[in-house]
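Visitor:
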Amino acid sequence: MGPMQQDQQTLFDLQGEIAAWSVEWLKQLDERPVARPDDPQPPARSLPQDGLGLSAVWQAFVRDLAPGFNASPGPRYLGFVTGGVTPAALAGDWLTSVIDQNVASTGNSIATAVELQVLDWLCQLLDLPSGLVGSLTTGATAANLLGMACARQYAGWRQGRDIARDGIGGAAIRVFSATPHASSLKVLGLVGLGRGQVTEVPSLADSEAMDTDALRQLLVDCPVPGKIVIASAGTVTGTDFDDLRAIAALCREHHAWLHVDGAFGLFSRLDAERRAWTEGIELADSITCDGHKWLNVPYDCGIFLTRHPDLLQQCCSVSAPYLASDSALPTLMDRGIEQSRRFRALPLWFSLLAYGRDGFGRMVADNCRQAAALADWLEASADFELLKPPKLNVVIFRPKNGATAACLRRLNQGGEVFMTPGQWQGRDGIRAAFSNWRTDDADVERVCRALASAVGA
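Basically our numbering = 1-based index in the sequence shown + 581.
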């Protein structure tokens, strides 16, 4: 019997211990150091010739690795836009590894049908058109990549060229955006459109939202037949929303592709008071959203949706005899980047079914209220300046003494909270984003105390 066969029984023997460790980890999230700014490293060791076996490796994990992990799933990790993991999503993710389904082709597992159901549920949750198609991705970056691939294919079609088949060649394409996310710029480099080739559309005064009058003039003046507009449903710092209905009308008039990055801002549609901010999203040609942000499923999970399944398939589909399928269901490898990939739909299936529209709507409302509470405390503080009133779940501020970087460093080293740098209208700041189901009012109070300590140190 080989070592892997022997470790099958070892796994069964260790499952109780591993489960107990996992439960204890989850129970300690509220009190663990939120971040590890000391940049911990694993012990230096060479790859063993024979291997240690599962039991010894489990002990090495507990001893050497576990102390170095941060508490990013916890309630006071306010860096970037980092979601937690709902109990149902965690159960679904555990089972995803156990059943180990490859969501590549159809005809031999229920996995493809489950992903299609989850995509339909997401459209219902966000009140998006039922005719949208897409796939689950590694995150918003991959979803934006699919969006730009489809947009590039459309721009080529406008010029009689199949770019996915023949390459960009001499196709003339211009991209317009006001405040694109860094992932969109990264993707433009990956698909050959160029990070430095974006035509910057001016923003409205004191906002990151696109000036639609300026966009109109740029489109009128643009002689290029291939036009792509990247709009934002919630910018990364100001959480400002582009006027999607007006932009969609301009794109239709000028034959431009409209891609909307709604990685976390799209969930504002679950709040009746904020729903109007995304009016017109149903007119977008493609949409990016993130599951591991405000949907609180484990890393990694992104969502891509489009009204143009034909263009998506042209971008992603390749033929080979061993890939043939006679199933009536679509083959998901023809709608995404990977040929083979993880069954990311199952954590979503668990969580969406467990908590429904009201459960996620409540989380969004709570996180927005918590952001507003932090902003109120900052405005009342003699030590901090609120750089912009929060519209959604992100707060941008700075210490009045101007020592922003030093304050942030002390804050993160304290272990109570983690935040990231930000900038508003050219002024450096500290950025806090609330997007975790675990966060409660007591956590906001702890954040305020940590800030008071960091600025006064």
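Ideal Cβ placement from N, Cα and C applies to all residues, glycine included.
1. With a Cβ-Cβ cutoff of 9 Å, do V662 and D947 count as a contact?
2. Which value, in whole angstroms, describes the spacing of the CA atoms of T818 and G1003?
3. If you measure between the beta carbons of E789 and D824, is that distance less than 9 Å?
4. Pick helix, strand or coil for T718, following the three-state DSSP scheme.
5. Out of V772, Q798, G773 and L769, which one is the CA nearest neighbour of P783?
6. Please classify E997 as buried or exposed, where buried requires at least 16 other C-beta atoms within 10 Å of its C-beta.
7. Would you report the Cα separation of R938 and G712, rounded to the nearest angstrom?
8. How about T722 and N877: are their beta carbons less than 9 Å apart?
9. For the pair the region 638-656 and the region 612-621, tell me if three or more CB-CB distances fall below 8 Å.
10. Closest by CA to E834, which one among S813, L800, H889 and W958?
11. In whole angstroms, what separates the C-alpha of A745 from that of Q895?
12. Looking at the unbroken beta strand (DSSP E) that takes in Q1004, where does it start and where does it end?
13. Since D1022 is in the beta strand (DSSP E), which residue starts that stretch and which ends it?
14. Can you give the Cα-Cα distance for K767 and T760, rounded to whole angstroms?
15. Using a 10 Å radius around the Cβ and a threshold of 16 neighbouring Cβ atoms, would you call D915 buried or exposed?
16. If I measure Cβ to Cβ from L886 and keep anything under 6 Å in the same chain, skipping five residues before and after, which residues do I get?
17. Whether or not the region 679-695 and the region 799-816 are in contact is what I'm after, with contact meaning three or more pairs of Cβ atoms, one per stretch, closer than 8 Å; do they touch?
18. What's the C-alpha gap between Q638 and W606?
19. Which ranges would you report for the alpha helix (DSSP H) in the region 797-838 if only whole runs of at least 4 residues count?
20. Who are the near neighbours of W1005 in its chain, counting only those whose CB is closer than 8 Å to its CB and skipping five residues on each side?
21. Report the residue from L796, A935 and R657 whose alpha carbon sits nearest the alpha carbon of F1015.
22. Considering only residues of the same chain and omitting the five flanking positions on each side of F999, which have a CB-CB separation below 6 Å?
23. Does DSSP put L968 in a helix, a strand or coil?
24. Should I754 be labelled buried (16 or more other beta-carbon atoms within 10 Å of its own) or exposed?
25. If you measure between the beta carbons of L635 and L703, is that distance less than 9 Å?
26. Is the beta carbon of L973 closer than 9 Å to that of F965?
27. What's the call for A956, buried or exposed, on a 16-neighbour Cβ count within 10 Å?
28. Count the other CB atoms, across all protein chains shown, that sit within 10 Å of the CB of H840; report buried if there are 16 or more and exposed otherwise.
29. What's the gap between the Cα of V945 and the Cα of W875?
30. Please determine, among N1017, G983 and A963, the residue with the shortest C-alpha to C-alpha distance to A1033.
31. Taking its Cβ as the centre, do 16 or more other Cβ atoms sit within 10 Å of P804, making it buried, or is it exposed?
32. Any idea what DSSP makes of P584, helix, strand or coil?
33. Within 10 Å of its beta-carbon, does S849 have 16 or more other beta-carbons around it, so buried, or fewer, so exposed?
34. Looking only at DSSP bridge pairs, what is S900 linked to?
35. Quick one, which of G632, Q734 and C882 has its alpha-carbon nearest P584's?
36. May I ask which residues mark the beginning and end of the alpha helix (DSSP H) holding P928?
Guide: This is what the structure holds:
1. Within the sequence shown, residue 662 is the residue found at index 81, counting from 1. Within the sequence shown, residue 947 is the residue found at index 366, counting from 1. No, the pair does not count as a contact, with Cβ atoms beyond the cut-off.
2. Position 237 of the sequence shown, counted from the start, is the residue given in the question as residue 818. Position 422 of the sequence shown, counted from the start, is the residue given in the question as residue 1003. If you take the alpha carbons of T818 and G1003, they lie about 7 Å apart.
3. Here residue 789 refers to the residue found at position 208 of the sequence shown. Here residue 824 refers to the residue found at position 243 of the sequence shown. At a Cβ-Cβ threshold of 9 Å, E789 and D824 do not count as neighbours.
4. Sequence index remark: in the sequence shown, residue 718 carries index 137 (1-based). Three-state result, T718: strand.
5. Translated into the one-based positions of the sequence shown, residue 783 becomes position 202. Among V772, Q798, G773 and L769, the Cα nearest to that of P783 is on Q798.
6. By 1-based counting over the sequence shown, the position of residue 997 is 416. With 16 or more other Cβ atoms within 10 Å, it is buried.
7. Counting from 1 along the sequence shown, the entry for residue 938 is found at position 357. Counting from 1 along the sequence shown, the entry for residue 712 is found at position 131. Rounded to the nearest angstrom, the two C-alpha atoms are 20 Å apart.
8. Walking along the sequence shown from the start, residue 722 turns up at place 141. Walking along the sequence shown from the start, residue 877 turns up at place 296. It is not a contact, given that the beta carbons lie outside the stated cut-off.
9. Touching, per the Cβ criterion.
10. Taking the sequence shown and counting its residues from 1, one reaches residue 834 at position 253. The shortest Cα separation from E834 among S813, L800, H889 and W958 belongs to L800.
11. Start at 1 with the first residue of the sequence shown, and residue 745 comes out as number 164. Start at 1 with the first residue of the sequence shown, and residue 895 comes out as number 314. The alpha-carbon of A745 is positioned some 7 Å away from that of Q895.
12. Against the sequence shown, residue 1004 aligns to sequence position 423. In the DSSP annotation of this structure, the continuous segment of the beta strand (DSSP E) that includes Q1004 starts and ends at T1001 to W1005.
13. By 1-based counting over the sequence shown, the position of residue 1022 is 441. Run containing D1022: none in the beta strand (DSSP E); it sits in the alpha helix (DSSP H), D1022 to G1037.
14. Numbered from 1 along the sequence shown, position 186 holds the residue referred to as residue 767. Numbered from 1 along the sequence shown, position 179 holds the residue referred to as residue 760. Distance between the alpha carbons of K767 and T760: 14 Å.
15. Stepping through the sequence shown from its first residue, residue 915 is reached at position 334. With 16 or more Cβ atoms within 10 Å of its Cβ, D915 is classed as buried.
16. Against the sequence shown, residue 886 aligns to sequence position 305. Cβ neighbours of L886 beyond the five flanking positions: L713, G715 and I868.
17. no
18. The residue given as residue 638 occupies position 57 in the sequence shown. The residue given as residue 606 occupies position 25 in the sequence shown. The residue asked about is misnamed: residue 638 is Val in this sequence, not Gln. The alpha-carbon atoms of V638 and W606 are separated by roughly 18 Å.
19. 825-834
20. Within the sequence shown, numbered from 1, the residue matching residue 1005 stands at position 424. Contacts found: T818, G819, L968, K969 and I977.
21. Taking the first residue of the sequence shown as 1, we reach residue 1015 at position 434. The shortest C-alpha separation from F1015 is found at R657.
22. In the sequence shown, the residue the question calls residue 999 occupies position 418. Correct list, in chain order: V615, A616, Y658, G660 and N993.
23. If you number the sequence shown from 1, residue 968 lands on position 387. Here L968 sits in strand by DSSP.
24. What you label residue 754 is simply residue 173 of the sequence shown in a count that begins at 1. Its Cβ being crowded by 16 or more others within 10 Å, I754 is buried.
25. Within the sequence shown, residue 635 is the residue found at index 54, counting from 1. Within the sequence shown, residue 703 is the residue found at index 122, counting from 1. Not in contact: L635 and L703 (Cβ atoms no closer than 9 Å).
26. One-based indexing of the sequence shown puts residue 965 at position 384. One-based indexing of the sequence shown puts residue 973 at position 392. Cβ distance not < 9 Å, so F965 and L973 don't count as in contact.
27. On the sequence shown, position 375 is the one that residue 956 refers to. Buried.
28. Reading the sequence shown from its first residue, position 259 is the one you call residue 840. The residue in question, H840, is buried, as its Cβ has 16 or more Cβ neighbours within 10 Å.
29. Locating residue 945 in the sequence shown gives position 364, counting from the first residue. Locating residue 875 in the sequence shown gives position 294, counting from the first residue. So the alpha carbons of these two residues sit roughly 8 Å apart.
30. Reading the sequence shown from its first residue, position 452 is the one you call residue 1033. Answer by Cα proximity: A963.
31. Numbered from its first residue, the sequence shown carries residue 804 at position 223. That one is exposed.
32. Counting from 1 along the sequence shown, the entry for residue 584 is found at position 3. Three-state DSSP puts P584 in a helix.
33. For the purposes of this step, residue 849 is taken as the residue at position 268 of the sequence shown. Buried.
34. As a working mapping, residue 900 is identified with position 319 in the sequence shown. Beta-bridge pairing links S900 to no other residue.
35. The sequence position of residue 584 within the sequence shown is 3, counting from 1. If we check each option's Cα against that of P584, G632 comes out closest.
36. Start at 1 with the first residue of the sequence shown, and residue 928 comes out as number 347. That run of the alpha helix (DSSP H) goes A926 to A961.
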